[in-house]
Every structure is written in C-alpha cells, then in structure tokens.
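Right, one structure below, let's go through it.
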Amino acid sequence: MINLLEPHRQKDVCRNDLGPWIGDVSLNDDWLLCGGGVRLSLWNLRNLTFPMSVFKKTKDDGIHVAKFHQNSKLRLPNQLNEPAGRQFHKPNNALADTIENEIPEDSVAADTQSINPDPGPDALEDVTSVQPDEVYEALIKADEEKIIPGLGDYGEPVDETPFMARYEVARIMKKEAFNRALSDRISLSRRLPDARNVMCAVKNYDQQLPSASVIIIFINEAWSTLLRTVHSTLNQSPEKHLKEVILIDDFSSRDELKGKLDYYLRTRLPPKVKLVRLKERNGLIRARMAGAREATGDVLVFLDSHCECIVGWLEPQLQRIKEKRDAVLCPIIDVINDENMAYMYSTSNEFQVGGFSWSGHFTWIPIPGFEKQRLNSSTDLARSPTMAGGLFAIERKYFWDIGSYDAEMEVWGGENLEMSFRIWQCGGTLEVAPCSRVGHIFRAFHPYSFPGRKDTHGINTARMVEVWMDDYKRLFYYHRPDLKNASIGDISSRKQLREELQCRDFKWYLNNVIPQKFVLDENVLAYGRLRSRTRRICMDTLTKSEYQPHDVGVYNCHDQLYMSQFFSWSKKGEIRREELCAEVKLRHIIIPGLIGGAKGNVTLTRCSDSPNQVWTHENELIRHKETGYCIHAYGLRPEELLTVANCQESDLYFKWTWEFIAVSDNEMVKNILF
Numbered sequence: 002m003i004n005l006l007e008p009h010r011q012k013d014v015c016r017n018d019l020g021p022w023i024g025d026v027s028l029n030d031d032w033l034l035c036g037g038g039v040r041l042s043l044w045n046l047r048n049l050t051f052p053m054s055v056f057k058k059t060k061d062d063g064i065h066v067a068k069f070h071q072n073s074k075l076r077l078p079n080q081l082n083e084p085a086g087r088q089f090h091k092p093n094n095a096l097a098d099t100i101e102n103e104i105p106e107d108s109v110a111a112d113t114q115s116i117n118p119d120p121g122p123d124a125l126e127d128v129t130s131v132q133p134d135e136v137y138e139a140l141i142k143a144d145e146e147k148i149i150p151g152l153g154d155y156g157e158p159v160d161e162t163p164f165m166a167r168y169e170v171a172r173i174m175k176k177e178a179f180n181r182a183l184s185d186r187i188s189l190s191r192r193l194p195d196a197r198n199v200m201c202a203v204k205n206y207d208q209q210l211p212s213a214s215v216i217i218i219f220i221n222e223a224w225s226t227l228l229r230t231v232h233s234t235l236n237q238s239p240e241k242h243l244k245e246v247i248l249i250d251d252f253s254s255r256d257e258l259k260g261k262l263d264y265y266l267r268t269r270l271p272p273k274v275k276l277v278r279l280k281e282r283n284g285l286i287r288a289r290m291a292g293a294r295e296a297t298g299d300v301l302v303f304l305d306s307h308c309e310c311i312v313g314w315l316e317p318q319l320q321r322i323k324e325k326r327d328a329v330l331c332p333i334i335d336v337i338n339d340e341n342m343a344y345m346y347s348t349s350n351e352f353q354v355g356g357f358s359w360s361g362h363f364t365w366i367p368i369p370g371f372e373k374q375r376l377n378s379s380t381d382l383a384r385s386p387t388m389a390g391g392l393f394a395i396e397r398k399y400f401w402d403i404g405s406y407d408a409e410m411e412v413w414g415g416e417n418l419e420m421s422f423r424i425w426q427c428g429g430t431l432e433v434a435p436c437s438r439v440g441h442i443f444r445a446f447h448p449y450s451f452p453g454r455k456d457t458h459g460i461n462t463a464r465m466v467e468v469w470m471d472d473y474k475r476l477f478y479y480h481r482p483d484l485k486n487a488s489i490g491d492i493s494s495r496k497q498l499r500e501e502l503q504c505r506d507f508k509w510y511l512n513n514v515i516p517q518k519f520v521l522d523e524n525v526l527a528y529g530r531l532r533s534r535t536r537r538i539c540m541d542t543l544t545k546s547e548y549q550p551h552d553v554g555v556y557n558c559h560d561q562l563y564m565s566q567f568f569s570w571s572k573k574g575e576i577r578r579e580e581l582c583a584e585v586k587l588r589h590i591i592i593p594g595l596i597g598g599a600k601g602n603v604t605l606t607r608c609s610d611s612p613n614q615v616w617t618h619e620n621e622l623i624r625h626k627e628t629g630y631c632i633h634a635y636g637l638r639p640e641e642l643l644t645v646a647n648c649q650e651s652d653l654y655f656k657w658t659w660e661f662i663a664v665s666d667n668e669m670v671k672n673i674l675f
C-alpha cells in the first residue's frame, strides 16, 4: 500500500511511485496534496474510460481511501495500466469525500462508463494557512491555467461544459448554490456587454467627483467570484474616482482565502485593494460597519462578493451624491445566471424599484405611475421606497450621521428595510440610477451557515418594526405572531436616534413615498376572516405563496386571525391579499346535490383592476360581478378548493360573513359571530 501520510515518503511517493503511473507530474490544474508543498496533478485523470465502477469506498486504519478495482484498465495518455490493487491516500478528506459523492458504490455500467474524477473546489485549498510564496504562486498559476480564453465573454451563456460531467455540475450547485467549476474557468476580467440605456453613453459627469471606497464583505466566498468582483471594480471604475477597494473577511474558514489570497493581492493587484480580516464571525451588518470604519473615501459603495460591474457604473452614483449628500443611490441589479454564468439584462428601458411586504421582506415593484410622470427621460434617477441592501452608495459622513446600521442586529436580514425606512423618514432620499448597472449572482440558498441557527431575519425585522413602523407593526405581527413577545434586545438607542433626527412617522412614509401600498385593514369595506354561516370553515390560502397565483381553499376557522385567513374587501370591490386578488377561473365540475353544478374555482392572481376581480357582498352572498356566480360551502371539507356556482339566496351554504365590517370611513366593527 502507498501511504502518503508517511512524511519521509511523501515526496518520493508523489514523484516516483505515482508519477509513472499517471504520466508527467506538473504543478497545474487540480492537485492531490502530498504534503511538503508537493502536489500531484489530477488533470491527467480527467475523462478516463472504465469498463466498470472502478472506485470503491474503503477505509484503512481509519483513513478514507479510494481504491481501484483489480484489472481495471485505465486509458491514460501513456497507455499505462494501473497495477492491481493500487491505492492512494491524500492528507485530508476532501478528495475522498468528492469521490464518495460522485461515484455511488453500486454504480456499474453494462458497457463502459465515462467519469470525471474532479476533486472539486475544496481540494484546491491550502493544507495550512501559511505556505511559502512559491507554493501560492504555483496554486495561482494552476488557477490561471484552468481559464479558457474567451469563455463567457460579453456575458454569453456557457451551456455546454465538456470539461465536467452533469453530475459534477449538480454536485457543485448543491454545495455552492452556483456553478463554481464553470466560474473558475472564466476569466477574472472577462469582457461584459454594455447593458445601459444607449443615452447613458452620452451623459456628462463632473470631472471632480467625490472619491469612492468600495467595500466588499465576504465569508467563504468562491475564489473566482470574489476576485472577479474585485477585478471588475478596478477595471470599470475611473482610477481618479476610486480611492480604495476594501475587502472584509468575516472570519472565513477556507484556506484558499487566507495566505493564498494575501499573496494574490500583494503580487497581482494595486495597493488600493486592502484586506481586513475580522477575528471572529461578525455577520454582514457588523462587518459592513467595520468596513465603513476602515474607509477613507468620500463615498461608501457597498457591493456583494459575487458581482460584476459594467462600464460607467460608478460615475452616476458619485455625481448624484455630489449634488445631494443625503441621497442614497442604488444601481440597476442585473442577473448573472447561477448555472451558465450568463450576464442577463433587459434591452428595454424599463426597470424596477424596491418595495416591501408586510411580512417584512424586500420585494421588487414596477415604478409607480406617479413617479413615471415625474421623470423627464428614461435615464433620470427614480425614487425607490426601499433597497435590496446589497449594492448601494452613500456619502461616508452621512452614513454615520443617519445612524449607520443597527449594531444590535444579528448577522443578516432586515437591515435593508430598516435603513430604507430610516433614510426616507429622516429626510433623505433613496434612488435608483438607471445608468449604473451591476451584475449579481442570485443564489437559491446561502452556502454558509448562520451562527446559533437563530432566526436573525425575523428578530432583526422585529427590531425594525418596533422602532420605525409605529402602529403599522401590527401587520407584521399578523405574519409573525411568534415574534410579538420575543426577546429582540434593547432598542432604546435606536428610538433615541429617531427622536434626535426628528424623523417623520410611518404614516407619512406610506402617504408620500409609497402611496400605492395596500394596507390590509385601512380604507376597506371589510377585512379579516371570511366565514361560512352554516359551517365553521373560513376562506384560506392553504399556506400557498403570497406572490404566486394559486387557487383558494377553505379550512377550519382559526381561534384568532392568522395571515392564511386574512382577506380584505377593498373599496374597488376586490377580495384581496397584499398583492393578489381573487377572481374566477371558469371550469365545469358537477357536484351532486348542488343546483346547476360548480362553475369554476376561486383563484388569487396579481391585482390588476380587472373586472374579473370585482365582488359584491349583499344579503350575505359573495357574488362575482362579471359572471354573477357566488361562492358556496356546499360539501366542502377543510383543505378543499373553493368554487362558485349559481347563486341561491335562500341556501345557507351560500351565506358568508366578514369578521370586521366598516360602519364609516374611520370605524370598523367586529362581527359578533367571531
């Protein structure tokens, strides 16, 4: 057996024993870490063909090994065959774990099977945090040799990946939440399309603009996406305006982000790129505050660690902040496809701004009509009620004057809405610069853990609503009753900040910044639970998505009002939720005993002022105005879908009642049946 864990044999084993077996050993591409700075190239093991499943998961003295079956013929560059029983080890478990994940123990092909024994991204990490410079140089050159010239240029999608199998893509996507293997083969300075409105190219900006400190927070970010963010920032920012790029390492554990990253910044990037390492996990919010303290530029520009800036992205933001120091600017955020790395953008001049849901989440919304009327051209700055929070620019002194972040918020979540409401309520503005565009990889999940597994988003948002939303916090607690009496920490300093800044109330924000926002229990004809008169069942979303169309059902009425049974009857006649309105989807179903049969389902779709979304409530009948059909409870059991049929005024199954009913514009009365 060849044991690479014996220090006195590591060098000889790697070079002499295994070298002839796979052909030339060179310091490039993927590596088997043999220790002592010697690494065995696995590049020649790619795209091999085996007549059977050749990898067998075994253990030897507690060490994971990958064992070649006897008599397995390897089609190698030098046509050598693997000796019977040959085994190999590596000094950590990354390669063995990769092989275990990629090749099932019982996978046997009838004929031949082509596999790709790629050790995966983690196998490229350094064994220790500190290595000689020549080791880092070799590793970085290995990364550079992987890059395929022109791949992904101009944001073109890379749909065919001949250098790796589909199961490898799936494995990496599951772990990293994006196609890291493909990203590693695309240039760190790839060429990108000019996604801007054509009029942006002829806009003029002052020669003297505020200097910018770009702050990038990362925690175990993939090497290629982190550095592509840095390179695009340097390449697409006028040197005279870019004061510095500050990388804040929020206590990453990946070794490649330690000594190797230090060496890369020292040898390949200008001194204006600075790296600050936090000594413990702080979370996004506090890490950004640490970055802001390090900054010396006039303007703080925050970016996520998986972005790509395009030409002209910085100047529009700096120009506006020069003109109005309490303006906070956001770029249009384009999508970098997480699987094929395509830079995706709309060729129209339409874009969206930020909104929010009463559940305390950020949403994208169209620019409202009243704001469009205010704009003179498609390149004008558009006011945005909220921001996504990952990418924005703010004058450095104003950042601190306005209260920076709530430092008692944990890790991530809620800070973007807190800052958005605070900016508007305390006299500033939040705007989107359409001539500033940045690509961003939107991941399906966070590939890193949150300390303590706490509901940081929920707790942080509860802090926010208690300070900034006044009585409207009730709508958040309808969504999160579990947080109503939760321990959220001391908020007295944030309330004091609001008082010192003489900030406006949340009703002012609703009336002046986002007047189109639907308030579920204000200016409505009725709201709350909608209950059948004959049975204790209520109209219910059946916990379906708040933002995707779906059919409405019924469920046993809850003892108190929860969001799944919270509906409003608006003054327009809509039976609605926050963004979705009820309408009839016609179909033909015959329900025995029901006169005329059911005519269709009740479904929730995006509110659109459509005649199909208007309902009346007279004599306890909920009648769909366009079709004349009524909703009914005949034969319905909990969790079944709600339907409409020919109205039967004398039939109690057609009678429904609201929980709260308006008796005047300002007064709602609770129904005694609830």
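Everything in the sequence shown is counted per the working numbering, starting at 2 for the first residue and increasing by one. Note that CB positions come from ideal geometry on N, CA and C, so glycine has one too.
Restricting attention to beta strand (DSSP E) runs no shorter than 3 residues, the stretch 334-364 encloses them at 353-357, ordered along the chain. In chain order, Arg-186 place their CB closer than 7 Å to the CB of Ile-149, counting only its own chain and leaving out the 5 sequence neighbours on each side. The three-state reading of DSSP puts Glu-411 in coil, since its state is none of H, G, I, E or B. Three or more Cβ pairs drawn from the stretch 196-210 and the stretch 302-314 lie within less than 8 Å of each other, which places the two stretches in contact.
Looking only at Ala-223, Leu-140, Ser-379, Asp-335, the smallest Cα-Cα distance to Val-199 is reached by Ser-379. Contact between the stretch 605-621 and the stretch 568-587 is established, with three or more Cβ pairs separated by less than 8 Å. The count of Cβ pairs closer than 8 Å, one atom from the stretch 316-327 and one from the stretch 460-469, stays below three, leaving the stretches out of contact. Ranked by Cα distance from Gly-292, the options Thr-348, Ile-218, Phe-357, Asp-483 are led by Ile-218. Under a 10 Å Cβ-count criterion, Arg-197 is classified as buried, with 16 or more other Cβ atoms of the shown protein chains found around its own Cβ. Remark: C-beta atoms of Leu-431 and Ser-385 approach each other more closely than 9 Å. Its chain contains Arg-530, Leu-531, Arg-532, Ser-533, Val-555, Tyr-556, Asn-557, Cys-558, His-559, Gln-566 as the residues whose beta carbon lies nearer than 8 Å to that of Cys-539, once the 5 sequence neighbours on both sides are disregarded; these appear in chain order.
Tyr-406 and Met-290 have their C-alpha atoms roughly 7 Å apart.
With fewer than 16 neighbouring CB atoms inside 10 Å of its own CB, Phe-371 falls in the exposed class.
In this structure, DSSP gives Lys-142 a helical state, which the three-state scheme calls helix.
Across the structure, Phe-303 and Val-645 are spaced so that their CA atoms are roughly 52 Å apart.
The beta carbon of Lys-474 is closer than 8 Å to those of Val-466, Glu-467 in its chain, skipping five residues each way along the sequence. Boundaries of the beta strand (DSSP E) around Val-433: 430-442.
The beta carbons of Tyr-635 and Lys-600 sit no closer together than 9 Å. The Cβ neighbour count for His-480, taken over all protein chains shown within 10 Å, is at least 16; the residue is labelled buried. Under the three-state reduction of DSSP output, Trp-570 falls in the strand class. A straight line joining the alpha-carbon of Arg-375 with that of Glu-641 spans about 47 Å.
In this structure, the beta-carbon distance from Glu-660 to Ala-527 falls below 9 Å. The beta strand (DSSP E) runs lying completely inside the stretch 512-540 and spanning 3 residues or more are 525-533, given in chain order.
For Trp-616, the enclosing beta strand (DSSP E) stretches over residues 616-619. Counting the other CB atoms within 10 Å of its CB gives Pro-516 a total below 16, which places it among the exposed residues. For the options Glu-523, Tyr-510, Cys-504, Leu-476, the alpha carbon positioned closest to that of Asp-666 is the one of Glu-523. Sequence-distant Cβ neighbours of Trp-224 in its own chain, meaning closer than 6 Å and more than five residues away, are Glu-257. One Cα belongs to Gly-429, the other to Gln-132, and the distance between them is close to 49 Å. Partner residues in the beta bridge of Pro-332, as assigned by DSSP, are Ala-434. Selection Glu-500, Ala-663, Ala-445, Ala-408 evaluated against Asn-283 yields Ala-408 as nearest (Cα-Cα).
Between the alpha carbons of Val-439 and Leu-562 lies a gap of roughly 42 Å. Check the Cα spacing between Ile-337 and each of Ile-492, Ala-445, Ile-395: the tightest is with Ala-445. Residue environment for Ala-487: exposed (fewer than 16 other C-beta atoms within 10 angstroms of its C-beta). Cβ-Cβ separation between Cys-436 and Leu-392: approximately 15 Å, too far for a contact (criterion under 8 Å). Residue pairing from DSSP leaves Thr-462 without any beta-bridge partner. By the C-beta density criterion, Arg-229 is buried, having at least 16 other C-beta atoms within 10 angstroms.
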